[in-house]
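Asks: Heads up: take any position in the sequence shown, counting from 1, add 817, and you land on our numbering.
Just passing along the structure, written as structure tokens.
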Amino acid sequence: MRKTLLGTILAVNVVLLLIALNILYKEASSPISGIKTASDSVKTPEKAAQKTSKKETPPDEKNNSDASKKTDTAAFISINSTPSGAKVFINGYYKAKTPANIKITSISEVPRQYSIKIIQPDFYSWEKMITLTRGGTKEFSVNLKRK
818 MRKTLLGTIL AVNVVLLLIA LNILYKEASS PISGIKTASD SVKTPEKAAQ
868 KTSKKETPPD EKNNSDASKK TDTAAFISIN STPSGAKVFI NGYYKAKTPA
918 NIKITSISEV PRQYSIKIIQ PDFYSWEKMI TLTRGGTKEF SVNLKRK
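Laid out in structure tokens, this is it:
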């Protein structure tokens, strides 16, 4: 009886682990896994300390990194809402609160469809399907309607 119970518990734990790994895999392979929000660029004391402790790059390497920034293949989404502070979801994943500047770094050469949804308590949600291309920018200013 005890061995059966322990075996069942072990089997359930293995199934839960496999489900968790599957979710992590889907998130990592999502076309929006490379999204960065404006809050990612906010400097915190920890980030500032890490930056100052980094090694200085030689001038010739800086020129190479500047060239790679010019050929950035990301797309950008800029969203403002009235009222501000609404939650922004892209393809069902929460990404930021408005106002939001979102960078999508995993854009392929083929245009892709993205679902944008804005949610604020006591207001009707706003949803739109957009097509992003490499290097493209989409800007939205949304007036949410009170329920």
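Note that CB positions come from ideal geometry on N, CA and C, so glycine has one too.
If you follow the beta strand (DSSP E) that residue 913 is part of, which residue opens it and which one closes it?
Replies: Run containing residue 913: 910-914, per the beta strand (DSSP E) assignment.
Asks: Residue 819 by DSSP, collapsed to three states: which one?
Replies: helix
Asks: If you compare alpha carbons, which of 890, 925, 950 and 897 is closest to residue 943?
Replies: The closest CA to that of residue 943, considering only 890, 925, 950 and 897, is found on 897.
Asks: Give the DSSP-derived three-state secondary structure of residue 927 in the structure shown.
Replies: coil
Asks: On the CB-based measure, 16 or more other CB atoms within 10 Å of its CB, does residue 937 come out buried or exposed?
Replies: buried
Asks: What I want to know is whether the C-beta of residue 840 ends up closer than 7 Å to one or more non-hydrogen atoms of the ligand FMN.
Replies: This structure lacks the ligand FMN; in fact it carries no ligand of any kind.
Asks: Residue 949 lies in the beta strand (DSSP E); which residues open and close that run?
Replies: 943-949
Asks: Going by DSSP in three states, residue 891 sits in which element: helix, strand or coil?
Replies: Reduced to three states, the DSSP call for residue 891 is coil.
Asks: Taking the C-alpha atoms as reference points, what is the distance between residue 839 and residue 833?
Replies: Going from the Cα of residue 839 to the Cα of residue 833 covers about 10 Å.
Asks: Can you give me the start and stop residues for the beta strand (DSSP E) that residue 906 sits inside?
Replies: 904-907
Asks: In chain order, what residues of the same chain have a beta carbon less than 8 Å from the beta carbon of residue 954, not counting five sequence neighbours either side?
Replies: These residues qualify, in order along the chain: 892, 893, 894 and 895.
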